[in-house]
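Residue numbers (this note's numbering): -12 to 882. Even glycine gets a Cβ: it sits at the ideal position worked out from N, Cα and C.
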């Protein structure tokens, strides 16, 4: 036994000694490289990354620019630093000092432009780029929200916080009195809605802000263009990635509401109720309802994404699938958004001169929502209007204590537990119990969209690439509404049960063929050219139906909307309706662009596009429009006389652009046409009207014969055209300190001409009204600043940027017979206006001056005898411009 233990100990010792020997041998094989890394001026660089090629082994330089690393003989070291050209050098057993040359790699970055790409250093227009990696970790479900604060000149306006809602984007101001959304182009396909695209699958977003950059899209580019490129495979070895995101939501600003005692004090002071009236009307003495807690709680969002990618030297494939579910903060499941989406991006190099590829984005979505911006009943408005004396829920046994509820017992709505929603005896109006507003109407929307393209690239010789691309978008949507009988107040009630549904389908396709030429001569002359044609067709159709209660007969036999709230179950006694229509429009275009750069210093570029629409939009006599542009750039930092500015200044480029764009969004179908339509019924017969006797009826029946007649309803306009935006831009881009610091500036001047105006009064009219005419104008001008800093501290890289934009917006002209266009109304009161000399759609109302401390009444500023005074009793003539939605200054900060 002792002998065995002795042998075991010797064996263990021998193994340990062997490992120590091997370790010493391995260590003896390593070599140690030391040195200093500096810039071209000899200054040491702090935080330079030194990486052993093909391994995870590495180090960084210290505060003196010095480094030390031990590696195997034959290893190559990669020296990299922000703003410098990387170097790969073999490791030595000793000293290796390295000098890194300045290299603004961001200037060689590729920027997507219409029908091609450009180096960022060659861009002569105002184009902002948002990288896809800045979108990956944002808690958003819509790509448009990602642009908020990212770049100057772009305003993102959220009009609703409902799940699945889409923010509105404004590029360089408000250019029209109608639709002002930019054109979206996703992988070359034109879209009007990008809400179904998963933000994490976006490679980059370019915003074409100036007229010259956007002019290549002609009649659709007047409100700016957003180009989106989706991700393609980068890992050729293949990878599978899973991402999970969880978001907890709540209402950002909780309103401060009156409690029960404050409410009673207020109503007594205002003389509405006597102090002892509240109990007499039904208050139980203890109820103190916080309507915010009744309506809102916590919301949640989950998102799962799986991405597959791989490929070879011949081709690549990226495929992803994502599932998102968002239940908003409104209590219950009445505001939800669910989306299942996927995308594929694939390409294959069949021959050295022939490449094919395809992109596809598919989504299936479903949403439910509550009223958010309805003047006759919005959930948020009800929180401010309702009194805290009204109970949230009332049990069936308590109804006898509430006379109003007891009187309408059969019409009350209740929750799943059979508890009735409380009705207020103190407030009457359209904004009632928030849960009644949630449950009285159940609306659902669901649909799918498939967007994609197939393309082929031919390269007969290196400078020339021919592209043929077919793009499509197929969409279908189903919406339904179930309105059940209810009673909430004198103003908000309905004895009827109604159901309605609508199905829509859309088919869009485009076929584009274009050629790109790119050649450099003698290393100083760079020539680019592009020309092509485009065809687009859009088909939209819908069918709808309804079943409404008639003569007390319910529209459907049972009160369960989830199971029976469909048109097929409508009773024979219900009023039924059906409708449907189809519209088709087509567009044909040609376009061209040419550019020249000399010695990377002087750049000039010009483009032109011609667009034509079919008869659905424009008359045959005026269907073509032409949209030219020209731009130029001068890289001043390349000049010899700028040597004094080095090494602080790395890059400085001055640029100017001018371009003309259009907007077809305001054009309705056949707006230009002369239309014959029905008039009000006219009488033909005999009888007495006042002192006149009509004797047109030979039968002398003594009764009027009422007949429906027809006549001209619009007078037609064969000169109708699209709205036109003409814009010029002057700016510069600069970089300093090895491109750590960047600064850019732009001044733009944008004029909209030919604004569409309806309701023009002709000098001589034979009946009917005029068709829309091009008779208005808008001005937008402003300054844009972008400042950024990026750097590295060891393995930690960071960046911070800020942007500031100013905007001057003004309506410059309207037709003399239409000096003012009224816009949005609230409770039949006009609250926005479009008029000459003011901002687009400014708010129109009384100028609030505060509260009279003695009477508690609201005061308003008015003009009296040339003086600005306050009054508690303004009249209609005292209404004025009290502000606008377009900000004078916007600020964005990104870290």
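- Taking C-beta atoms under 8 Å as the contact rule, residue 196 and residue 140 qualify, at a distance of about 5 Å.
- When 401, 418, 413 and 303 are compared, the shortest CA-CA separation from residue 357 is found for 418.
- A Cβ-Cβ contact shorter than 8 Å links residue 440 with residue 176.
- Pairing residue 640 with residue 719 gives a Cβ-Cβ distance under 8 Å.
- DSSP places residue 270 in the coil class of the three-state scheme, outside both helix and strand.
- The beta carbon of residue 208 lies closer than 6 Å to those of 170, 201 and 648 in the same chain, with the five residues before and after it left out.
- Relative to the Cα of residue 653, the nearest Cα in the group 702, 463, 603 and 187 belongs to 603.
- Around the beta carbon of residue 291, a 10 Å sphere encloses fewer than 16 other beta carbons of the protein chains shown; the residue is thus reported as exposed.
- For residue 432, the beta-bridge partners assigned by DSSP are 354 and 466.
- Per DSSP, reduced to three states, the secondary structure at residue 223 is coil, with no helix or strand assignment.
- With a cutoff of 8 Å on beta-carbon distance, residue 164 and residue 808 are scored as near each other.
- Listed in chain order, the non-local C-beta contacts of residue 135 below 6 Å within the same chain comprise 143, local neighbours out to five positions each way being set aside.
- Of the residues assessed, residue 130 falls on the buried side of the cut-off, its CB having 16 or more other CB atoms within 10 angstroms.
- Within the same chain, Cβ atoms closer than 8 Å to the Cβ of residue 341 are found at 443, 444, 445 and 446, the five residues on either side in sequence being excluded.
- Distances from the alpha-carbon of residue 40 to those of 67, 24, 571 and 29 put 67 closest.
- Taking one beta carbon from each stretch, the stretch 465 to 476 and the stretch 416 to 435 have 3 or more pairs nearer than 8 Å; the two touch.
- If you look at residue 617, you'll find it in the beta strand (DSSP E) that goes 611 to 622.
- Considered as a whole, the stretch 800 to 844 harbours no complete run of any alpha helix (DSSP H) with no fewer than 4 residues.
- Judged by beta-carbon spacing, residue 284 lies within the 8 Å limit of residue 316, meaning their Cβ atoms are closer than that value.
- Spanning the alpha carbons of residue 861 and residue 480 requires a straight line of approximately 33 Å.
- Bridge partners of residue 53 according to DSSP: 23.
- In the three-state reduction of the DSSP assignment, residue 107 falls in the helix class, which pools H, G and I.
- The stretch 484 to 557 contains, as complete alpha helix (DSSP H) runs of 4+ residues, the segments 548 to 551 (chain order).
- Bounds of the alpha helix (DSSP H) holding residue 248 are 247 to 256.
- The Cβ atoms of residue 582 and residue 102 do not sit closer than 8 Å to each other.
- In the DSSP assignment, residue 37 falls within the unbroken beta strand (DSSP E) covering 36 to 39.
- Under DSSP, residue 232 takes part in a beta bridge, and its partners are 290.
- According to the DSSP assignment, residue 855 belongs to the beta strand (DSSP E) that extends over 854 to 858.
- Between the stretch 313 to 332 and the stretch 348 to 356, the count of Cβ pairs shorter than 8 Å is three or higher; the stretches touch.
- Assignment of residue 426 by DSSP, reduced to helix, strand and coil, places it in the helix class.
- Contact between residue 125 and residue 77 is absent: CB atoms are separated by about 43 Å, not below the 8 Å threshold.
- Residue 579 sits in a strand when the DSSP states are folded into three classes.
- Inter-residue distance for residue 23 and residue 205 is about 55 Å (C-alpha atoms, whole angstroms).
- Under the three-state reduction of DSSP, residue 769 is assigned to strand.
- Note that the C-beta distance between residue 211 and residue 796 is not below 8 Å.
- Taking residue 182 as the centre and dropping the five residues before and after it, the same chain places the C-beta of 129 and 153 closer than 6 Å to its C-beta, in chain order.
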